[in-house]
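**Student:** For reference, the structure I am asking about is given below.
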Amino acid sequence: MKKYTYTEKKDTRSGFGAGMHELGKHNPDVVALCADLVGSLKLDPFIKENPERFFQCGISEANMIGVSAGLTIGGKIPYATTFANFATGRVYDQIRQSVAYSNKNVKICASHAGLTLGEDGATHQILEDLGMMKMLPGMTVINPCDYNQTKAATMAIAEHEGPVYLRFGRPVVPIFTDPDQKFEIGKAWMVNEGKDVSIFATGHLVWEAIQAGEMLEKEGIDAEIINIHTIKPLDEEAIMKSVKKTGCAVSAEEHNRLGGLGDSIAQVLVKNQLVPQEYVAVNDSFGESGTPAQLMEKYGLTAKDIVAAAKRAIERKG
Numbered sequence: 023m024k025k026y027t028y029t030e031k032k033d034t035r036s037g038f039g040a041g042m043h044e045l046g047k048h049n050p051d052v053v054a055l056c057a058d059l060v061g062s063l064k065l066d067p068f069i070k071e072n073p074e075r076f077f078q079c080g081i082s083e084a085n086m087i088g089v090s091a092g093l094t095i096g097g098k099i100p101y102a103t104t105f106a107n108f109a110t111g112r113v114y115d116q117i118r119q120s121v122a123y124s125n126k127n128v129k130i131c132a133s134h135a136g137l138t139l140g141e142d143g144a145t146h147q148i149l150e151d152l153g154m155m156k157m158l159p160g161m162t163v164i165n166p167c168d169y170n171q172t173k174a175a176t177m178a179i180a181e182h183e184g185p186v187y188l189r190f191g192r193p194v195v196p197i198f199t200d201p202d203q204k205f206e207i208g209k210a211w212m213v214n215e216g217k218d219v220s221i222f223a224t225g226h227l228v229w230e231a232i233q234a235g236e237m238l239e240k241e242g243i244d245a246e247i248i249n250i251h252t253i254k255p256l257d258e259e260a261i262m263k264s265v266k267k268t269g270c271a272v273s274a275e276e277h278n279r280l281g282g283l284g285d286s287i288a289q290v291l292v293k294n295q296l297v298p299q300e301y302v303a304v305n306d307s308f309g310e311s312g313t314p315a316q317l318m319e320k321y322g323l324t325a326k327d328i329v330a331a332a333k334r335a336i337e338r339k340g
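Taking our numbering, the leading residue of the sequence shown gets 23, the next gets one more, and so forth.
Written as structure tokens, this is what we have:
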């Protein structure tokens, strides 16, 4: 098993800010919009160098989506930014009608997603956004795992024609992916090959899956770990290639177990090859206030929870 180490931790939202800074230098069509959360979205470097390409929409997210849709008509590539709860739940109608229905080239970039928003509590911890956005026809849905991958994804979606939902977060997490990586939309990343169980993880849960793989190895279990950074379009080929080898699967995500990555994988398995699958996700509940670590522990999203799920999956196939 390949060992992953890190020397630094950063929040994935800072990776988004770094990606926007680079885009500002190289792509004159990229414009940024924000709903009064410039500091939280790490947009200051982009704004400083490109003030004429930034639009402060204030606490008016529905209007921001409408403005973004309009900007595409003039050939601009708008990045509409705010917290994930406001970027999806608050403005779902505007996204559906003004962006997805007409296939507008809008990039909806959402920070502070999931439980690890932490102390702000349940009203801000959206756990339904991946499901909401993947159900929209034509919407690409991306959930990168660390600073470097978020930066690469931010830059890659500028070259993709069509609406995109890019999800990232507030807590600092290990940086373990290549700083010079090429981000391929819809192409899963093989983290570690194995033969006993397939672990498909996304976002912050990829690092937990890596730790789980090391814990399982000590018990003689050879786990295959795959980073599903693109929820839609899903890399069905990678999923099936893995489970045909291992015979069982675990999905791991910082999201409601209903409608997220796990359900997308289950659909693939139902269509192609039925194997036991276990979910590591929030079990159909809202969150609460607490530190990210406390919430990950309470809601069962840690490496040890992935280990337990892997053992259950292996036992079921036996």
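Quick reminder that beta carbons are idealized off the backbone N, C-alpha and C, glycines included.
Nothing here was measured: the structure is a model prediction, and the numbers come from that model.
Considering residue 86, what are the terminal residues of the alpha helix (DSSP H) in which it resides?
**Tutor:** In the sequence shown, the residue the question calls residue 86 occupies position 64. Taken as a continuous stretch (DSSP letters only), the alpha helix (DSSP H) holding residue 86 covers 83-95.
**Student:** From which residue to which residue does the alpha helix (DSSP H) around residue 38 run?
**Tutor:** Position 16 of the sequence shown, counted from the first residue, corresponds to residue 38. Counting along the chain, the alpha helix (DSSP H) containing residue 38 begins and ends at 34-48.
**Student:** Determine the extent of the alpha helix (DSSP H) in which residue 169 is found, giving its start and end residues.
**Tutor:** For this step, residue 169 is matched to residue 147 along the sequence shown. Where residue 169 is concerned, the enclosing alpha helix (DSSP H) stretches over 169-178.
**Student:** Just to confirm the assignment, what range does the alpha helix (DSSP H) spanning residue 154 have?
**Tutor:** By 1-based counting over the sequence shown, the position of residue 154 is 132. Looking at the DSSP string, the run of the alpha helix (DSSP H) that includes residue 154 is 151-156.
**Student:** CB-CB under 6 Å to residue 77, same chain, minus the five flanking residues each way: which ones, in chain order?
**Tutor:** If you number the sequence shown from 1, residue 77 lands on position 55. Closer than 6 Å at Cβ, skipping near neighbours: 55.
**Student:** Pick from 176, 158, 80: whose alpha carbon is nearest that of residue 115?
**Tutor:** What you label residue 115 is simply residue 93 of the sequence shown in a count that begins at 1. Residue 158 is the option with its Cα nearest to residue 115.
**Student:** Could you give the distance in angstroms between the alpha-carbon of residue 167 and the alpha-carbon of residue 96?
**Tutor:** As a first step, residue 167 must be located in the sequence shown, where it is residue number 145. As a first step, residue 96 must be located in the sequence shown, where it is residue number 74. Roughly 33 Å between the two C-alpha positions.
**Student:** How about residue 153: is its Cβ closer than 7 Å to a heavy atom in the ligand SAM?
**Tutor:** The ligand SAM is not among the ligands present in this structure, which contains no ligands whatsoever.
**Student:** Three-state secondary structure (DSSP) at residue 194?
**Tutor:** As a first step, residue 194 must be located in the sequence shown, where it is residue number 172. It is a strand residue.
**Student:** If you follow the beta strand (DSSP E) that residue 76 is part of, which residue opens it and which one closes it?
**Tutor:** What you label residue 76 is simply residue 54 of the sequence shown in a count that begins at 1. Start and end: 76-78.
**Student:** In chain order, what residues of the same chain have a beta carbon less than 7 Å from the beta carbon of residue 72, not counting five sequence neighbours either side?
**Tutor:** Indexing the sequence shown from 1 puts residue 72 at position 50. Counting only Cβ-Cβ distances below 7 Å, and skipping sequence neighbours, we find 46.
**Student:** Pull up the distance between the alpha-carbon of residue 317 and that of residue 68, whole angstroms please.
**Tutor:** Taking the sequence shown and counting its residues from 1, one reaches residue 317 at position 295. Taking the sequence shown and counting its residues from 1, one reaches residue 68 at position 46. Going from the Cα of residue 317 to the Cα of residue 68 covers about 33 Å.
**Student:** With the cut-off set at 8 Å, would you say residue 42 and residue 214 are in Cβ contact?
**Tutor:** For the purposes of this step, residue 42 is taken as the residue at position 20 of the sequence shown. For the purposes of this step, residue 214 is taken as the residue at position 192 of the sequence shown. Not in contact: residue 42 and residue 214 (Cβ atoms no closer than 8 Å).
**Student:** Would you call the region 310-327 and the region 137-157 touching, i.e. three or more CB-CB distances under 8 Å?
**Tutor:** In short, these stretches touch, since the Cβ pair count reaches three.
**Student:** Please state the DSSP three-state secondary structure of residue 278.
**Tutor:** Taking the sequence shown and counting its residues from 1, the one referred to as residue 278 is at position 256. DSSP places residue 278 in strand when its eight states are reduced to three.
**Student:** Can you tell me whether residue 28 is buried or exposed? The criterion is at least 16 other CB atoms within 10 Å of its CB, across all chains shown.
**Tutor:** As a working mapping, residue 28 is identified with position 6 in the sequence shown. Label assigned to residue 28: exposed.
**Student:** Run through DSSP, which three-state label would residue 16 get?
**Tutor:** Because the chain is modelled from 23 through 340, residue 16 falls outside the range shown and cannot be assessed.
**Student:** When you compare each of 165, 267, 287, 154 to residue 339 by their alpha carbons, which one comes out closest?
**Tutor:** Position 317 of the sequence shown holds residue 339. Checked all of 165, 267, 287, 154; the closest Cα to residue 339 is 267.
**Student:** When the Cα atoms are used, what is the spatial distance from residue 62 to residue 203?
**Tutor:** Within the sequence shown, residue 62 is the residue found at index 40, counting from 1. Within the sequence shown, residue 203 is the residue found at index 181, counting from 1. Cα to Cα, the separation comes out at about 25 Å.
**Student:** For residue 22, which residues in the same chain have their Cβ closer than 7 Å to its Cβ, ignoring the five residues on either side in sequence?
**Tutor:** The first residue shown for the chain is 23 and the last is 340, placing residue 22 beyond what the model contains.
**Student:** What number of angstroms, rounded off, separates the C-alpha of residue 322 from the C-alpha of residue 216?
**Tutor:** Walking along the sequence shown from the start, residue 322 turns up at place 300. Walking along the sequence shown from the start, residue 216 turns up at place 194. Approximately 24 Å, taken between the alpha carbons.
**Student:** Of the choices 91, 295, 254, 231, whose alpha-carbon is the least far from that of residue 273?
**Tutor:** Walking along the sequence shown from the start, residue 273 turns up at place 251. With distances taken between Cα atoms, residue 273 lies closest to 231.
**Student:** Going by the CB atoms, is the gap between residue 271 and residue 222 shorter than 8 Å?
**Tutor:** Reading the sequence shown from its first residue, position 200 is the one you call residue 222. Reading the sequence shown from its first residue, position 249 is the one you call residue 271. Yes, Cβ-Cβ distance for residue 222 and residue 271 is below 8 Å.
**Student:** Taking the alpha helix (DSSP H) that residue 70 falls in, what are its first and last residues?
**Tutor:** Mapped onto the sequence shown, residue 70 falls at position 48. Counting along the chain, the alpha helix (DSSP H) containing residue 70 begins and ends at 66-71.
**Student:** Short of 7 Å in beta carbon distance, which residues of its chain neighbour residue 118, apart from the five on each side in sequence? Order them along the chain.
**Tutor:** By one-based count along the sequence shown, residue 118 stands at place 96. Only 158 meet the Cβ criterion.
**Student:** Among 38, 324, 319, which has the Cα closest to the Cα of residue 173?
**Tutor:** As a working mapping, residue 173 is identified with position 151 in the sequence shown. Selected option, being the one with the closest Cα: 38.
**Student:** Considering only C-alpha positions, which residue in the set 282, 237, 254, 289 is nearest to residue 328?
**Tutor:** Counting from 1 along the sequence shown, the entry for residue 328 is found at position 306. Of the listed residues, the one whose Cα sits closest to residue 328 is 237.
**Student:** Could you check what DSSP says for residue 108 in three-state terms: helix, strand or coil?
**Tutor:** Position 86 of the sequence shown, counting from 1, holds the residue named residue 108. It is helical.
**Student:** Does the Cβ-Cβ distance between residue 152 and residue 165 come in under 8 Å?
**Tutor:** Along the sequence shown, read from residue 1 onward, the residue named residue 152 stands at position 130. Along the sequence shown, read from residue 1 onward, the residue named residue 165 stands at position 143. Cβ atoms of residue 152 and residue 165: closer than 8 Å.
**Student:** What whole-angstrom Cβ distance do residue 283 and residue 248 have, given they're in contact under 8 Å?
**Tutor:** Position 261 of the sequence shown holds residue 283. Position 226 of the sequence shown holds residue 248. Not really, about 11 Å apart at Cβ, beyond 8 Å.
**Student:** Ordered along the chain, which non-local residues of its own chain (more than five positions away) have a Cβ less than 8 Å from that of residue 179?
**Tutor:** As a position in the sequence shown, residue 179 is number 157, starting the count at 1. Result list for residue 179: 129, 162, 164, 186, 188, 207, in chain order.
**Student:** Starting from the C-beta of residue 366, find all residues in its chain whose C-beta is less than 6 Å away, skip the five residues before and the five after it, and write them out in chain order.
**Tutor:** A question about residue 366 goes unanswered here, because the residues of the chain that appear run from 23 up to 340.
**Student:** Which of the three DSSP states, helix, strand or coil, is assigned to residue 100?
**Tutor:** The residue you call residue 100 lines up with position 78 of the sequence shown. DSSP places residue 100 in strand when its eight states are reduced to three.
**Student:** List the whole-angstrom C-beta distance separating residue 133 from residue 191, where the pair is believed to meet the contact cut-off of C-beta under 8 Å.
**Tutor:** Counting from one through the sequence shown, the residue named residue 133 turns up at place 111. Counting from one through the sequence shown, the residue named residue 191 turns up at place 169. The Cβ separation is near 7 Å, so the contact holds.
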